[in-house]
Amino acid sequence: MKEFSTVNDILDFAISNEQGAVDFYTQLAAKVSNDAMKNIFIQFSQEEMKHKAKLLEIKEKGIYSISSVQITDLKISDYIVKVETSPQMTYQEALVLAMNREKSAFKLYLNLSQKAPNDELKNLFLMMAQEESKHKLRFEIEYDEYVLTEN
Amino acid sequence: MFDQDVKYLKFKTYLNTYCPYCHQSFNVEKKDVKQLVFKAIFKGQEIDLVLSPYLDVFEIETSVPIGEGEVLDDLMCPACQKSLVSQDTKCGECGSPVAHVIISALSRLIPFFICLKRGCEWHGLTKADERRIKLKIPRQEMPEQDQTLRIHNHQEVPYGFTTELASLEAGRCLQCKNPKCVEGCPVNVDIPEFIKLMREDDFDGAAKKIKERNVLPAICGRVCPQEDQCEGKCILGHKDSPVAIGRLERFVADFERKMDLVKIPVIKNKSSKRIAVVGSGPGGLTVAADMALLGYSVTVFEALHELGGVLTYGIPEFRLPKSIVQFEINYLKEIGVRFELNHIIGTLITIEELLDHFDSVYIGVGAGLPVFMGIPGESLGYVFSANEYLTRMNLMKAYKFPEYDTPMPRGNKVVVIGGGNVAMDCARTAIRTGSTEVTIVYRRSRQELPARKEEVHHAEQEGIKFKLLASPVKYIGTDSNIVKAVECIKMELGESDESGRRRPVPINDSDFTIECDIAIVAIGTGPNPIIFNTTPDLKRNKWGYIEVNEETMETSIPNVYAGGDIVTGSATVIQAMGAGRAAANAIHKKLSLK
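Keeping their order, the protein sequence lines are chains A and B. The numbering of the first sequence is numbering that gives the first Met the number 0, which starts it at 0 and goes up by one. The numbering of the second sequence is numbering that gives the first Met the number 0, which starts it at 0 and goes up by one.
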């Protein structure tokens, strides 16, 4: 497992993760056949780009904080069956995919925070986990609003 | 001046009217004719004046003709000869002098005024008092089939208003000068005008008035969510229950049909232009009717073997009898609309091919693709989508098996997922086909149930259980992969988010199971992709619904229009009709310029 000894190590790791997500969605946008879905994945990749920009700013200025606000967990992604990527993906499947990716990232940072050697690194991991949980909530709300319409 | 005894004073009620001085009655009955008889002075001459003794009927006879707008000099009691002209009160409508009499309502005597100006309301109350009386007449309920009987049949639940109930309810309308109800109707039916005609007992005229804007009134009167539309805007509703506009609409449409008063219009200006309509649901039927009445040659293509779209395959018989849908469609056939059954546009014929033969194409195929939650076990046997379940039951008449050859999905214990009208329809169909325990599972609380209150009320009456604030997390199957239970988790509503909506959040370790033989998923629907497979240029939004110009309903392909659920996602019958009307106007405008 990768060792993290400084704040910059963590930020570099997170930035490369976000870049990975940008690449993932960009490739998916090229793969899907429907124009509307193409735009969706481009939009997702742009959102990941914003997350990356936020991390770069933290790295540059060295300022970050953990909000005391509890991020709601609708747990929709806990119960939904995982989906595979395909050129015929629907928006519902795209949301499931995105929710699960954000959930994995959240879990990763939460695990890392528990293993962090000092409080400074721990707090940074927690902040990252909180960010990912916000991103997951954004997709879960969309799923709640538009897929589970009469439920 | 009035107290609450006035609530017993109903419109069309026979008035017992007395002189305030000698207390002699003005009421005279000769054979079957009931009248109020007075002495009056007009231009210095004594004349006889006779009024109708009903509150809502303004008929007058005088021994000398009196012109519109002319004012009587005096009105007198025929017994004591005293002048009845009030010194304190003037007509609330026109400011002319009024005569003062008293009427008895139960044990109370109530002051009552008669305007002396011809053309004004000759007898009646001031507008303000009339309004106060109307506030006291309760909203009328429709008689309906008893719940213990109706769960054993598929006949319609409400019987509809009787003539008396309809007249009483129509009497509650305030006839507002600036009515809001019309704005609430997606096709802008002239509601105050049709109710006014009802009050004049012209039910046929009222039906014709509605049909000027709405070609399917008997259907809309039954299935429209009026509480969110016209009735939601009714001004009487600010202080009291709104006028039951939907029930009145249903009454006049049924009256017209039962009395065989439907007239087929003669279409004078025939056009050589041809219109194709894809889908025979409410939106498609509206476009077809509007265009046919304008003289165009219209052909409707329907994928199924019966017409009506969701009205036929989706809404059950006990909520919307199919004979009514059939009757409305027959009207369209009479005005010259052609119908082609079993034509799946997108496979049999493409949109492009339609454009080779028609000047314009309207796509109104609805949102018929079932949506599932995406939880484990959805592919187990006897987990149905609401679409499949209702199509089997309504369109394929599975409940009449073996008379019809579609086997009926029947189970003793049925779980329905979802809280909309479709979920209520599934649950109520299940109870009518012999299921002993039907449970609706819904993630939010009662307040958020998207179904109409009336449907929820009927479902509860019929013994359907509601498991609120609960969500399925997986379906559990038998060894032979047939569903045997639904595992659920309890939910609580979280804090309001930015949109103001409280999202349901699962409660940890609150899992429980509900045994079932059938599970029906009724959480919503999506767009069917068949048309798009052969028409990739048709621009769609991220949800797969067609993008249109909101004014003209024209799509990204010129001369191809779309409306209803395939544009907006699941909505109401009348909204689909509103979209159809907008498209028909735009198509006519464009084709008229060519």
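Where is the CB? At the ideal position from N, CA and C, for every residue including glycine.
Going by beta carbons, residue 72/B and residue 40/B fall inside the 8 Å limit. Taking every protein chain shown into account, the CB of residue 86/A has fewer than 16 other CB atoms within 10 angstroms, so this residue is exposed. CA-to-CA, the gap between residue 50/A and residue 133/A works out to about 11 Å. For residue 75/B, the enclosing beta strand (DSSP E) covers residues 73-75. Chain B places no beta carbon closer than 8 Å to that of residue 131/A, leaving this residue out of the contacts. Along the segment 113-138 of chain A, the positions whose C-beta sits under 9 Å from a C-beta of chain B are 136, read in chain order. Counting along the chain, residue 24/A sits inside no beta strand (DSSP E); it lies in the alpha helix (DSSP H) bounded by residues 6-30.
In the DSSP annotation of this structure, the continuous segment of the beta strand (DSSP E) that includes residue 47/B starts and ends at 44-50.
Between residue 98/A and residue 76/A, the C-beta gap is smaller than 8 Å, which places the two residues in contact. The C-alpha of residue 130/A lies about 12 Å from the C-alpha of residue 71/A.
Residue 59/B is bridged by DSSP to 50/B. Spatial neighbours of residue 414/B in its own chain (CB-CB distance under 7 Å, excluding positions within 5 residues in sequence) are listed in chain order as 438, 440, 485, 513, 515, 518. In the displayed model, residue 579/B falls within a helix according to three-state DSSP. At a cut-off of 8 Å between beta carbons, residue 279/B makes no contact with chain A. The Cβ neighbour count for residue 142/B, taken over all protein chains shown within 10 Å, is under 16; the residue is labelled exposed. Note on geometry: alpha-carbon atoms of residue 186/B and residue 329/B lie some 22 Å from one another. Taking 8 Å as the upper bound on Cβ-Cβ separation, chain A lies near residues 370, 372, 373, 374, 375 of the segment 355-375 of chain B. Restricting attention to 409/B, 82/B, 117/B, the CA atom closest to the CA of residue 100/B is found in 82/B. Within the DSSP bridge table, the entry for residue 99/B names 112/B as partners. Boundaries around residue 197/B are those of the alpha helix (DSSP H), 190-198, since no beta strand (DSSP E) includes it.
In the DSSP assignment, residue 484/B forms a beta bridge with 475/B, 514/B. Linking residue 446/B to residue 69/A through their CA atoms gives a straight-line distance of about 26 Å. Between the segment 220-227 of chain B and the segment 265-279 of chain B there are fewer than three C-beta pairs closer than 8 Å, too few to call the two in contact. Look at residue 441/B: its C-beta is under 8 Å from a C-beta on chain A.
Residue 354/B and residue 528/B have their C-alpha atoms spaced approximately 20 Å apart.
In this structure, the CA atom of residue 464/B is about 8 Å from the CA atom of residue 436/B. Short of 6 Å from the beta carbon of residue 74/A, and not among the five residues preceding or following it, lies no beta carbon of its own chain. Here residue 504/B is bridged, per DSSP, to 491/B.
For residue 129/A, the enclosing alpha helix (DSSP H) stretches over residues 118-145. Counting along the chain, no alpha helix (DSSP H) covers residue 336/B, and no H or E run does either. Selection 79/B, 63/B, 118/B, 296/B evaluated against residue 90/B yields 118/B as nearest (Cα-Cα).
Annotation: residue 311/B to residue 155/B spans about 14 Å, alpha carbon to alpha carbon. Counting the other Cβ atoms within 10 Å of the Cβ of residue 56/A gives fewer than 16, which makes it exposed. For residue 540/B, the chain A residues whose C-beta falls within less than 8 Å of its own C-beta are 35, listed in chain order. Contact of residue 39/A with chain B by beta-carbon distance below 7 Å involves 541. Per DSSP, reduced to three states, the secondary structure at residue 227/B is helical.
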